[in-house]
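At position 33 of the sequence shown (counting the first as 1) the number is 885 in the numbering used here, and the numbers step up by one without a gap.
We treat Cβ as the ideally placed atom computed from N, Cα and C, and that holds for glycine.
Note that this is a predicted model, so its numbers are computed, not measured.
Just below is one structure, and these are the notes that go with it.
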Amino acid sequence: MATFLTVTHLIPIDRKVSNPSSETNRDLNENMADEIDKSNPVLNGDRKSYSSIVESDDHVEPRMRNKFSFCHRFNYACRTFFDVDNVRQTVRCLTKPRMNRIREQIILLILLLFIQFLNYLGLDSMFLQFSQKVYQFDSKSYANVAAFSKIMPNISLLLSSHILVKCLKWKDGTIMAVTFTAGFISQVLIGTFTSAAVYLTALVIGSISGLSSIIMKTEIAKLIPKDEVGKIFSLISTLESLAPFLGTLIFSSIFSASVSSYPTLIYHVSAAITLLCLIMALFQDLYFHNE
């Protein structure tokens, strides 16, 4: 009995059935959407506006990132510039204990500088009103006198610094005493005699008084180490920037209260302040340097 062997070859059959109607349905949906857009323009506009908003997100995000980075850099710069820790370090540098009463000398000299800035800058801000009331200066006379009052101290400062320091070799305390005395005499003369000639003479006498501030800054620089000079002088610059505001406030109040009966009172008050500075300078020189 014959046996027949049948070899069967298995042919893989792809059972994925493609839906012939899917492409037709997609085309039909697109056609229906176009017809809806044509029949409803509002919906079509909303769809376009939405797509434009979505497309513009890629451009908005970098701009917002740049804006935030600029704000961050600006805030960092402000925090660095107005760092409170710098103020703490400056105050700590001023108030920390030092040998041989150097801390007390520095504080006294800074106080002297501030009082002098307050005195001279506040008095200078009231010269226009003072000259119009006392000397009856017009605009031309005031301009000439104001120019002379600015030029003369600079010339005297150059000459006096060379003569007193290099030629005569006076000590710092002696120079401060002489300059404060000259300023005191000048202010007493202006406050006592209401004459323009006396004012010009007193201006020449008191022109060397500006040398006292240079001497005091030099003494401060000698008392502190080099790495602390910047901190101390930053404090001095801050006080110097506040002096015109406070000085103008003080002397304008005095002048407005006494302008009708005693217009030269501001110069007598200034002379009293200069006398106080002279006493403090003598105390600083005699007490600390003779210990």
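Please state whether DSSP places residue 1139 in a helix, a strand or coil. Here residue 1139 sits in helix by DSSP.
Residue 1123 to residue 1035, Cα distance in whole Å? Distance between residue 1123 and residue 1035, taken at the CA atoms: about 8 Å.
In this structure, does DSSP put residue 935 in helix, strand or coil? Three-state DSSP puts residue 935 in coil, outside helix and strand.
With 16 other Cβ atoms within 10 Å as the buried cut-off, status of residue 1063: Around the Cβ of residue 1063, a 10 Å sphere holds 16 or more other Cβ atoms; the residue is buried.
Which residue marks the beginning of the alpha helix (DSSP H) containing residue 957, and which one marks its end? Annotation: the continuous alpha helix (DSSP H) that includes residue 957 extends over 954-977.
Since residue 1007 is in the alpha helix (DSSP H), which residue starts that stretch and which ends it? 991-1013 is the span of the alpha helix (DSSP H), which, as asked, contains residue 1007.
For residue 1083, which residues of its own chain have a beta-carbon under 7 Å away from its beta-carbon, when the five flanking residues on both sides are left out? Listed in chain order, the non-local C-beta contacts of residue 1083 below 7 Å within the same chain comprise 941, 942, 945, local neighbours out to five positions each way being set aside.
Hey, how far is the Cα of residue 1021 from the Cα of residue 923? Linking residue 1021 to residue 923 through their CA atoms gives a straight-line distance of about 57 Å.
Between 1013, 968, 1047, which has its C-alpha nearest residue 1095's C-alpha? When only C-alpha atoms are compared, the closest one is 968.
Contact between the region 997-1010 and the region 1023-1040: three or more CB pairs below 8 Å? Counting Cβ pairs under 8 Å, fewer than three are found: no touch.
For residue 1024, which residues in the same chain have their Cβ closer than 6 Å to its Cβ, ignoring the five residues on either side in sequence? Spatial neighbours of residue 1024 in its own chain (CB-CB distance under 6 Å, excluding positions within 5 residues in sequence) are listed in chain order as 1067, 1071.
To the nearest angstrom, how far is the alpha carbon of residue 991 from that of residue 998? If you take the alpha carbons of residue 991 and residue 998, they lie about 10 Å apart.
I'd like the list of long-range same chain contacts for residue 898, defined as Cβ closer than 6 Å, with 5 residues on each side in sequence excluded. Because residue 898 carries a pLDDT of 48, less than 50, the predicted location of this residue cannot be relied on, and no value is offered for it.
Does the contact criterion of 3 or more C-beta pairs under 8 Å hold for the region 955-963 versus the region 1094-1112? In the pairwise beta carbon analysis, the region 955-963 is classified as not touching the region 1094-1112: fewer than three pairs are separated by under 8 Å.
With respect to the alpha helix (DSSP H) encompassing residue 1031, which residues constitute its N-terminal and C-terminal limits? Start and end: 1024-1044.
Please state whether the Cβ-Cβ distance between residue 982 and residue 1126 is less than 8 Å. In this structure, residue 982 keeps its C-beta atom at 8 Å or more from the C-beta atom of residue 1126.
If I follow the unbroken alpha helix (DSSP H) through residue 1053, where does it start and stop? Residue 1053 -> alpha helix (DSSP H) spans 1048-1057.
In three-state terms, what does DSSP make of residue 1020? Residue state, collapsed to three classes: coil.
Does DSSP put residue 1156 in a helix, a strand or coil? Residue 1156 cannot be examined here, being either before or after the span of the chain that is shown, 853 to 1143.
Is residue 892 buried or exposed, if buried means 16 or more other CB atoms sit within 10 Å of its CB? In this prediction, residue 892 scores a pLDDT of 49, lower than 50, which makes its location untrustworthy; the coordinate-derived value is nonetheless stated afterwards. It is exposed - the Cβ of residue 892 has fewer than 16 other Cβ atoms within 10 Å.
Put residue 1072 into one of helix, strand or coil per three-state DSSP. Here residue 1072 sits in helix by DSSP.
Taking the straight line between their C-alpha atoms, what separation do you get for residue 1088 and residue 965? If you take the alpha carbons of residue 1088 and residue 965, they lie about 8 Å apart.
Report yes if the C-beta distance between residue 1043 and residue 1119 is below 8 Å; otherwise report no. Using a Cβ distance threshold of 8 Å, residue 1043 and residue 1119 count as a contacting pair.
From this set, 1049, 1019, 951, 986, which residue's C-alpha is nearest residue 1107's C-alpha? When 1049, 1019, 951, 986 are compared, the shortest CA-CA separation from residue 1107 is found for 986.
According to the neighbour-count rule (16 or more other Cβ atoms, all chains shown, within 10 Å of its Cβ), is residue 1018 buried or exposed? Exposed: under 16 other Cβ atoms inside 10 Å.
Considering only the beta carbon of each residue, do residue 1038 and residue 1054 sit closer than 8 Å? Taking C-beta atoms as the reference points, residue 1038 and residue 1054 count as a pair closer than 8 Å.
Near residue 970, which residues of its chain fall below 7 Å by C-beta distance, leaving aside the five closest residues on each side in sequence? Here the set comprises 1095, 1098, 1099.
Measuring alpha carbon to alpha carbon, tell me which of 1060, 1051, 1052, 975 ends up nearest residue 1014. Distance from the Cα of residue 1014 is smallest, within the candidate group 1060, 1051, 1052, 975, for 1060.
Beta carbon of residue 1140, beta carbon of residue 953: below 8 Å? Yes, the pair counts as a contact, with Cβ atoms nearer than the cut-off.
Cut-off 8 Å between Cβ atoms - residues of its own chain near residue 984, not counting five sequence neighbours on either side: Counting only Cβ-Cβ distances below 8 Å, and skipping sequence neighbours, we find 994.
Take the Cβ of residue 1131 as the centre, count every other Cβ of all protein chains shown within 10 Å, and call the residue buried at 16 or more, exposed below. Exposed, since its Cβ has fewer than 16 Cβ neighbours within 10 Å.
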